[in-house]
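Asks:
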Amino acid sequence: SQKIEQNSEALNIQEGKTATLTCNYTNYSPAYLQWYRQDPGRGPVFLLLIRENEKEKRKERLKVTFDTTLKQSLFHITASQPADSATYLCALGGRASGGSYIPTFGRGTSLIVHP
Amino acid sequence: EAGVTQSPTHLIKTRGQQATLRCSPISGHTSVYWYQQALGLGLQFLLWYDEGEERNRGNFPPRFSGRQFPNYSSELNVNALELEDSALYLCASSLVIRTDTQYFGPGTRLTVL
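From first to last, the protein sequence lines stand for chains H and D.
Following our numbering, the numbering of the first sequence begins with 87 at its first residue and continues without gaps.
Following our numbering, the numbering of the second sequence begins with 56 at its first residue and continues without gaps.
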């Protein structure tokens, strides 16, 4: 069955450092991968989308890589700030088994940026 | 432009009761999705509506149902509530399912006592 893995342990880093979050998947051939930010008790907020034929995408301090051979995406936040503290979700969409096009979400990784 | 709105913000029910949650998508969006996010778990897909029709359904029992109205707003109904139904219920909307981003509402926190 499809599986998306994100590190369940919180990532603690110092302000100004680069945070790197990992999303691994199995039994899936996604057409795209997305990263969302979710604050406690709130709905996820879309950050970036990267397609299967793209290796890297950037937006301001954010960078996403997508390696379909390794079945892995890395999400980087450079010059991290305490305001970046949140849970980050990865979601895969596209050619899922059974023909469904509903994105499948990982459980998310909590990022804590210390001042 | 207004985002996705959901009501109520919080809902407290007792076991066996029914709950009705509402969602208004972003103007122009025809697809509405419902997700359940129980404490410590990822988003679990419940239902997808587009143009008034149910397009897909997640692995949930039939007591979870819904509908989409002609104005594309949507309603999620949960019958015969159980304690484990306590969760944050999120609604999202999008323009085109395959490539567009889902825009999420703030959620409805359902507590079943």
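The beta-carbon is built from N, C-alpha and C at its ideal position, and this holds for glycine as well.
Hey, does A182 (chain H) have any beta-carbon neighbour from chain D nearer than 8 Å?
Replies: Stepping through the first sequence from its first residue, residue 182 (chain H) is reached at position 96. Because A182 (chain H) sits at a pLDDT of 47, beneath the cut-off of 50, its placement in the model cannot be relied upon, and the following sentence gives the value as read from the coordinates. It does not: the Cβ of A182 (chain H) has no partner Cβ on chain D nearer than 8 Å.
Asks: In chain D, which residues lie with their C-beta within 9 Å of the C-beta of P116 (chain H)?
Replies: Locating residue 116 (chain H) in the first sequence gives position 30, counting from the first residue. Result: empty, since nearest Cβ-Cβ is about 11 Å, beyond 9 Å.
Asks: How should H84 (chain D) be labelled, buried or exposed, when 16 other C-beta atoms within 10 angstroms of its C-beta is the threshold for buried?
Replies: Within the second sequence, numbered from 1, the residue matching residue 84 (chain D) stands at position 29. Classification for H84 (chain D): buried.
Asks: Using alpha carbons as the reference points, say which of H:C176, H:P189 and H:T112 lies closest to S149 (chain D).
Replies: Within the second sequence, the letter at position 94 stands for residue 149 (chain D). The shortest C-alpha separation from S149 (chain D) is found at H:P189.
Asks: Give a yes or no on whether 8 Å exceeds the smallest Cβ distance from Y158 (chain D) to chain H.
Replies: Along the second sequence, one-based indexing puts residue 158 (chain D) at 103. Yes, its Cβ sits closer than 8 Å to a Cβ of chain H.
Asks: With a cut-off of 8 Å, does the C-beta of S141 (chain D) fall near any C-beta of chain H?
Replies: Locating residue 141 (chain D) in the second sequence gives position 86, counting from the first residue. No, its Cβ sits nowhere closer than 8 Å to a Cβ of chain H.
Asks: Go ahead and pull the three-state DSSP assignment for L138 (chain D).
Replies: By 1-based counting over the second sequence, the position of residue 138 (chain D) is 83. Here L138 (chain D) sits in helix by DSSP.
Asks: Note down, in chain order, all residues in the region 108-136 of chain H with a beta-carbon under 9 Å from any beta-carbon belonging to chain D.
Replies: A117, Y118, Q120, Y122, Q124, G127, R128, G129, P130, V131, F132 and L135
Asks: Quick one: list the residues of chain H neighbouring W103 (chain D), beta-carbon separation under 7 Å, in chain order.
Replies: By 1-based counting over the second sequence, the position of residue 103 (chain D) is 48. Those are I188, listed as they occur along chain H.
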